[in-house]
Amino acid sequence: MTGPVVVGLDGSPGSVTAAWWAADQAARRNLPLVLLHSWTDRPLTVPFPQEVRSSQRHGRDVLQRMETELLHRYGDLRLTTELVSDTAAHTLVEHSESASLLVLGSRGLGSMAGFLLGSISLHVLGLTQCPAVTVRAGDPSVEAEAGRSNPATDRDEVVVGVQNPGPTSDPLLEVGFTAAKSYGIGVRVVRAVPRSAPHLTSVGGEDGHRDSTEDSALTTTLARWRETLPDVPVVQQVVTGSAAHALLSATPHSRLTVVGRHSHPSHLTWKLGPVAHAVLHHAPGPVAVVPHD
Numbered sequence: 003m004t005g006p007v008v009v010g011l012d013g014s015p016g017s018v019t020a021a022w023w024a025a026d027q028a029a030r031r032n033l034p035l036v037l038l039h040s041w042t043d044r045p046l047t048v049p050f051p052q053e054v055r056s057s058q059r060h061g062r063d064v065l066q067r068m069e070t071e072l073l074h075r076y077g078d079l080r081l082t083t084e085l086v087s088d089t090a091a092h093t094l095v096e097h098s099e100s101a102s103l104l105v106l107g108s109r110g111l112g113s114m115a116g117f118l119l120g121s122i123s124l125h126v127l128g129l130t131q132c133p134a135v136t137v138r139a140g141d142p143s144v145e146a147e148a149g150r151s152n153p154a155t156d157r158d159e160v161v162v163g164v165q166n167p168g169p170t171s172d173p174l175l176e177v178g179f180t181a182a183k184s185y186g187i188g189v190r191v192v193r194a195v196p197r198s199a200p201h202l203t204s205v206g207g208e209d210g211h212r213d214s215t216e217d218s219a220l221t222t223t224l225a226r227w228r229e230t231l232p233d234v235p236v237v238q239q240v241v242t243g244s245a246a247h248a249l250l251s252a253t254p255h256s257r258l259t260v261v262g263r264h265s266h267p268s269h270l271t272w273k274l275g276p277v278a279h280a281v282l283h284h285a286p287g288p289v290a291v292v293p294h295d
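Everything in the sequence shown is counted per this note's numbering, starting at 3 for the first residue and increasing by one.
What follows is the structure, encoded as structure tokens:
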């Protein structure tokens with residue numbers, strides 16, 4: 003992946019934290035960073051000229067402030083800004099065709115102790131052509147990376163959820179292993195098998211009841227990644243039960259949690275699946291949603 007890291011910036015706390023996370027990833031991976039601000043959410047209307055000027059001036063101020071802060075921290079960052087007149091959702095989806103990563107901010111905690119993701123974020127996450135990452139407002143690990151707090155030492159792995167071992171999981175593993183390498187930490191690959199699966203043969207282990215057949219399939223899938231990136235420690239975890247529960251149980255120590263969605267959406271299937279939806283709303287750290295076949 004050599005395209006830019008693209009982050010949507012509207013000046014909200016969530017988008018500012020997302021910009022810091024995006025800048026850190028761009029710097030670690032030597033990728034360009036694009037800060038994108040949409041000054042209108044009504045591109046088909048004709049606003050008053052003074053409204054246009056005010057919105058554009060605000061957008062330029064938001065971009066300039068963020069650019070100045072990021073370049074003060076990351077002096078060698080290749081950073082560009084874009085002020086666009088299209089909707090944020092449409093512009094972000096368009097940029098995803100050439101980006102390495104798309105980064106979005108969340109709006110903090112909601113009434114059910116889950117993180118709020120607006121309709122724009124959910125729409126974008128369901129349609130992007132590249133991996134898309136959501137970042138929580140004020141995330142402590144991001145604040146530490148930005149040098150604005152003490153290092154967060156408890157997030158020491160990247161968690162990747164694998165639904166079906168095999169080639170279809172490679173896009174998720176690529177994102178997970180690449181992130182882990184950039185941070186100098188390990189990867190935990192989690193595969194959940196339904197309790198009702200007829201072929202289950204439980205074997206002992208610290209991770210609970212596991213299926214030996216599924217363990218073998220996951221080992222085969224991970225062999226190429228272990229060979230390609232031998233310095234990245236790998237823990238594979240096959241459990242019976244809910245995939246969402248298995249992933250969320252691992253997220254308190256996760257620097258990044260990686261989940262998947264189908265890459266060929268239709269009017270019936272573009273929405274995120276229940277596992278991705280649960281992780282997006284309840285995982286405490288950044289979450290990457292990766293399109294795959």
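Think of the CB as a built atom: it goes at the ideal place given N, C-alpha and C, for glycine as much as any other residue.
I need the straight-line Cα distance from residue i to residue j, nearest angstrom please.
i	j	result
Met68	Pro288	20 angstroms
Leu106	Gly10	6 angstroms
Thr223	Ser98	27 angstroms
Glu71	Leu104	20 angstroms
Ser14	His283	18 angstroms
Glu145	Trp23	9 angstroms
Pro142	Gln27	16 angstroms
Arg55	Thr83	18 angstroms
Going by the beta-carbon positions, is the gap between residue i and residue j smaller than 7 angstroms?
i	j	result
Leu258	Ala134	no
Val236	Glu216	no
Ala290	Thr253	no
Ala139	Thr19	yes
Val261	Ala278	yes
Pro169	Val292	no
Ser108	Thr136	yes
Glu159	His255	yes
Arg302	Val240	Because residue 302 is not part of the residues shown, which for the chain are 3 to 295, the question remains open.
His125	Ala91	yes
Gly178	Val162	yes
Relative to the C-alpha of residue i, which residue among the options is closest?
i	options	result
His88	Leu124, Gln27, Leu250 and Ser40	Strictly speaking, residue 88 in this sequence is Asp, with His absent from that position. Taking only the C-alpha atoms, the option nearest Asp88 is Ser40.
Glu96	Asp63, Glu147 and Thr130	Thr130
Pro6	Ala29, Asp141 and Val18	Ala29
Gly275	Thr253, Ser251, Ala245 and Ser17	Ala245
Trp227	Cys132, Gly188, Arg55 and Gln165	Gly188
Thr42	Gln58, Gly163 and Leu79	Gln58
Leu264	Val241, Arg31, Thr93 and Gln165	The residue asked about is misnamed: residue 264 is His in this sequence, not Leu. Measuring from the Cα of His264, the nearest candidate turns out to be Gln165.
Arg157	Tyr185, Phe179, Pro167 and Ala148	Tyr185
His294	Ala219, Leu220, Cys132 and Val161	Cys132
Under the rule that 16 or more other beta-carbon atoms within 10 Å means buried, what is residue i, buried or exposed?
i	result
Asp63	exposed
Asp233	exposed
Ala225	exposed
Glu229	exposed
Arg80	exposed
Gly128	buried
Thr93	buried
Asp78	exposed
With residue i as the anchor, note down where its beta strand (DSSP E) starts and where it stops.
i	result
Pro173	Pro173 -> not in any beta strand (DSSP E); alpha helix (DSSP H) instead, spanning Asp172 to Tyr185.
His39	Leu35 to Ser40
Thr130	Run containing Thr130: none; DSSP gives neither H nor E here.
Ala194	Gly188 to Val195
Ala290	Val289 to His294
Gln239	Val236 to Thr242
Val162	Glu159 to Gly163
What residue does the alpha helix (DSSP H) around residue i start on, and which one ends it?
i	result
Thr4	Per DSSP, Thr4 belongs to no alpha helix (DSSP H) and is neither H nor E.
His255	Run containing His255: none; DSSP gives neither H nor E here.
Leu94	Ala90 to His97
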